[in-house]
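Visitor:
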Amino acid sequence: MPSSTIRRSVKNVMNNYSDAEKKVRESTSNDPWGPSSSLMSEVADLTYNVVAFSEIMSMIWRRLNDHGKNWRHVYKALTLLDYLIKTGSERVALQCKENIFAIQTLKDFQYIDRDGKDQGINVREKSKQLVVLLKDEERLK
Numbered sequence: 633m634p635s636s637t638i639r640r641s642v643k644n645v646m647n648n649y650s651d652a653e654k655k656v657r658e659s660t661s662n663d664p665w666g667p668s669s670s671l672m673s674e675v676a677d678l679t680y681n682v683v684a685f686s687e688i689m690s691m692i693w694r695r696l697n698d699h700g701k702n703w704r705h706v707y708k709a710l711t712l713l714d715y716l717i718k719t720g721s722e723r724v725a726l727q728c729k730e731n732i733f734a735i736q737t738l739k740d741f742q743y744i745d746r747d748g749k750d751q752g753i754n755v756r757e758k759s760k761q762l763v764v765l766l767k768d769e770e771r772l773k
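Under this note's numbering, the first residue of the sequence shown carries the number 633, and numbering increases by one thereafter.
1. For residue 673 and residue 746, I'd like the C-alpha separation in whole angstroms.
2. Expressed to the nearest angstrom, what Euclidean distance is found between the alpha-carbon atoms of residue 682 and residue 725?
3. Does DSSP put residue 745 in a helix, in a strand, or in coil?
4. Which runs of the alpha helix (DSSP H) fall wholly inside the region 705 to 742 and span at least 4 residues, in chain order?
5. Whose C-alpha, out of 773, 738 and 696, is nearest the C-alpha of residue 757?
6. According to DSSP, simplified to helix, strand and coil, what is residue 768?
7. Does DSSP put residue 750 in a helix, in a strand, or in coil?
8. Quick one: any contact between the region 659 to 676 and the region 715 to 733, if contact means 3 or more CB pairs under 8 Å?
9. In terms of residues, what are the limits of the alpha helix (DSSP H) holding residue 644?
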């Protein structure tokens with residue numbers, strides 16, 4: 633088991649995260665691979681539960697506020713949001729539209745890794761795509 637998985641499990645227990653929060657944390661981890669479609673589907677299903685919806689969105693907004701070396705948290709949170717807007721409860725899109733400024737500010741996200749690679753571009757592009765989606769009423773139906 634990778635050390636990042638063990639560390640995440642310990643944090644989940646210590647912070648007493650709910651099942652929904654754990655799934656969001658796993659979906660938006662710093663691991664170098666994307667969230668699985670089955671995990672995102674589980675999170676999408678949970679958005680129809682009022683309590684879980686609140687926990688999911690709270691954790692996503694927290695992840696979107698990360699910066700620097702945690703750029704994967706931000707990128708994967710945007711990826712998860714994109715999926716949830718399309719397949720989860722309509723409340724996801726409504727809350728995102730109400731907080732669109734938080735997503736728009738990510739178009740200026742900056743992070744250059746140790747090797748000089750601009751990892752921020754991934755976040756900038758994904759945030760632009762998400763803003764376009766949120767402003768397109770036809771695609772949101």
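Note that CB positions come from ideal geometry on N, CA and C, so glycine has one too.
Guide: Quick look at the numbers:
1. Residue 673 sits at position 41 when you count from the first residue of the sequence shown. Residue 746 sits at position 114 when you count from the first residue of the sequence shown. Distance between residue 673 and residue 746, taken at the CA atoms: about 34 Å.
2. By one-based count along the sequence shown, residue 682 stands at place 50. By one-based count along the sequence shown, residue 725 stands at place 93. If you draw a straight line from the Cα of residue 682 to the Cα of residue 725, it comes to about 15 Å.
3. Within the sequence shown, numbered from 1, the residue matching residue 745 stands at position 113. Three-state DSSP puts residue 745 in coil, outside helix and strand.
4. Entirely contained in the region 705 to 742, the alpha helix (DSSP H) runs reaching 4 residues are, in chain order, 722 to 730 and 732 to 736.
5. What you label residue 757 is simply residue 125 of the sequence shown in a count that begins at 1. Residue nearest to residue 757 within the set 773, 738 and 696 is 738 (criterion: CA-CA distance).
6. Translated into positions along the sequence shown, residue 768 becomes position 136. In the structure shown, residue 768 falls within a coil segment according to DSSP collapsed to helix, strand and coil.
7. On the sequence shown, residue 750 is found 118 positions in, with the first residue counted as 1. DSSP places residue 750 in the strand class (E or B) of the three-state scheme.
8. Enough Cβ pairs lie closer than 8 Å, so yes.
9. Translated into the one-based positions of the sequence shown, residue 644 becomes position 12. Per DSSP, residue 644 belongs to the alpha helix (DSSP H) from 635 to 646.
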